[in-house]
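In this text, residue positions in the sequence shown follow our numbering: the first is 73, and each later residue adds one.
We treat Cβ as the ideally placed atom computed from N, Cα and C, and that holds for glycine.
In this text, all values refer to a predicted model and were calculated from it rather than measured experimentally.
Remarks on the structure that follows.
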Amino acid sequence: MAIGLNHPIYDSVRQWVARIGNAPSLELLNFFSAEKDLKSESGKPIRFVPPSSADPYYEVHVFETGYVQTRPDNKHDLFNALAWLAFPKTKARINAMHAAEIPREGGKRGRVRDMLTIFDEGGAIVACSGAVADLVREARWSELFLEHHRDLRIVVVGHAVLEQALAPHPGITCKVIFADPSRDLDMQAANWLATVGRSPRDLPPLPVFGYPGWFEGGGRADFYSDERYFRPLRRANAQVRSC
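Now the structure itself:
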């Protein structure tokens, strides 16, 4: 089963997908960046540039220069650029926290940076009430998707998930941050990363293609009985395809 870019999972980046059409380019991405006045937390304008030699301190380089190495014809890189446009505060916070952690690590990657990478590649913001958030934390998938799916909104941030979703399967799982639906989701996610998150364990998993209508079979009770994808709490952190 394949899906197109009109699928709801692409709602967060849809306006730029529509404007890019079939001709992504660095010039166009940089036009959008200037239009939105994207900046790193160091105040550098974000500019999408061709890849150069491998840089072991990629995140420090982005923080200090604003240059995000991007291959516009590469889906992974393109979705990363679109995530910068859609979630400028969250992406800048992720970058700034990486840049701050790297000098402290002494060459050994720590849990904070693991968390940042997992959310950057495979994260989502879930706009919902506290009671619905508890259903996710407790892996009560049938109750969540059959009875309360209208009470949550899944906003995908992770560019790897957006790429994977072009060829979806029920096991694609995001690690999520919960947010108040009435407030700015981007700002809330950035603030959570800065003040709450310290480890990948702080990000509950959510099999996003369980949402009714997002994948064939979703919305039927038997769909959520397949524990390969919709695992109970005791195994919720070992999803078949966690992101």
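Indicate whether residue i and residue j have their beta-carbon atoms separated by less than 8 Å.
i: Ala199; j: Arg225; result: yes
i: Gly194; j: Gly230; result: yes
i: Val204; j: His220; result: yes
i: Glu131; j: Ala158; result: no
i: Val85; j: Leu154; result: yes
i: Gly290; j: Phe217; result: yes
i: Ser125; j: Ala168; result: no
i: Glu235; j: Phe295; result: no
i: Ile197; j: Leu257; result: yes
i: Leu110; j: Trp156; result: yes
i: Lys108; j: Pro160; result: yes
Using three-state DSSP, classify residue i as helix, strand or coil.
i: Thr245; result: strand
i: Arg225; result: strand
i: Lys116; result: coil
i: Ala211; result: coil
i: Tyr301; result: coil
i: Ala239; result: coil
i: Gly282; result: helix
i: Gly195; result: strand
i: Pro277; result: strand
i: Tyr82; result: helix
i: Tyr129; result: coil
i: Arg255; result: coil
i: Ala158; result: helix
Comparing the C-beta of residue i with each C-beta of chain D, is any distance below 8 Å?
i: Phe120; result: Here chain D cannot be found, since the structure has a single protein chain.
Looking at the strands, I want to know which residues DSSP matches up with residue i.
i: Phe287; result: Paired residues: none, contrary to the question.
i: Tyr42; result: Limits of the chain in this structure are 73 at one end and 315 at the other, which puts residue 42 out of reach.
i: Phe250; result: Val198
i: Lys111; result: Pro117
Assuming residue i and residue j are in contact, meaning their beta carbons sit under 8 Å apart, how far apart are those beta carbons, in whole angstroms?
i: Ile118; j: Val140; result: 6 Å
i: Trp286; j: Pro80; result: 7 Å
i: Thr162; j: Ala261; result: 5 Å
i: Pro272; j: Ala211; result: Between Ala211 and Pro272 the Cβ distance is about 16 Å, and since that is not below 8 Å, they are no contact.
i: Asp223; j: Ser254; result: Going by Cβ atoms, the distance from Asp223 to Ser254 rounds to 14 Å, so no, they are not a contact pair.
i: Leu275; j: Ile249; result: 7 Å
i: Ser105; j: Phe135; result: Between Phe135 and Ser105 the Cβ distance is about 16 Å, and since that is not below 8 Å, they are no contact.
Are the segment 277-287 and the segment 170-189 touching, with three or more C-beta to C-beta distances below 8 Å?
no
Stretch pair the segment 244-253 + the segment 291-299: three plus CB contacts closer than 8 Å
no
Indicate whether the contact test is met: 3 or more Cβ pairs, each with one atom in the segment 86-97 and one in the segment 135-152, closer than 8 Å.
Short answer: they touch.
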